[in-house]
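A.B. asks: With the sequence shown counted from 1, adding 4 to any position gets you the working numbering. Cβ coordinates follow ideal geometry from the N, Cα and C atoms, glycine included. All values reported here derive from a predicted model rather than from experimental measurement. The structure follows.
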Amino acid sequence: MLGVLKERALLAYVPYTRHATLTGIGSALLVRTAGDPAAALGVLTTLAVTATLASYLPARRAARVDPMRALRVE
């Protein structure tokens, strides 16, 4: 019986916390303006580093494979 009461109390409380959390996150994200050059530079730098690492590491691994061995598998 106590478990059912805890479950119902938790289910009644969850929508309020979700709304409060999402509202807080939204207001924190909207602090920056669209014309902020520092934010744009930060986003572009992060994107460039991520794309470079995501493409370089698999390409380096593929370059080490012997072509005849790779074709033999197919």
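1. State the Cα-Cα distance for the pair Ala-91 and Ala-43, rounded to the nearest angstrom.
2. Mapping the DSSP letters down to three states, classify Arg-76 as helix, strand or coil.
3. Taking the C-alpha atoms as reference points, what is the distance between Asp-40 and Val-53?
4. From the DSSP output, in three-state form, read off Val-69 for me.
C.D. replies: In this structure, then:
1. Only positions 5 to 78 of the chain appear in this structure, which leaves residue 91 out of reach.
2. Here DSSP, grouped into helix, strand and coil, assigns Arg-76 to helix.
3. Cα to Cα, Asp-40 sits roughly 20 Å from Val-53.
4. DSSP, read as helix, strand or coil, puts Val-69 in coil.
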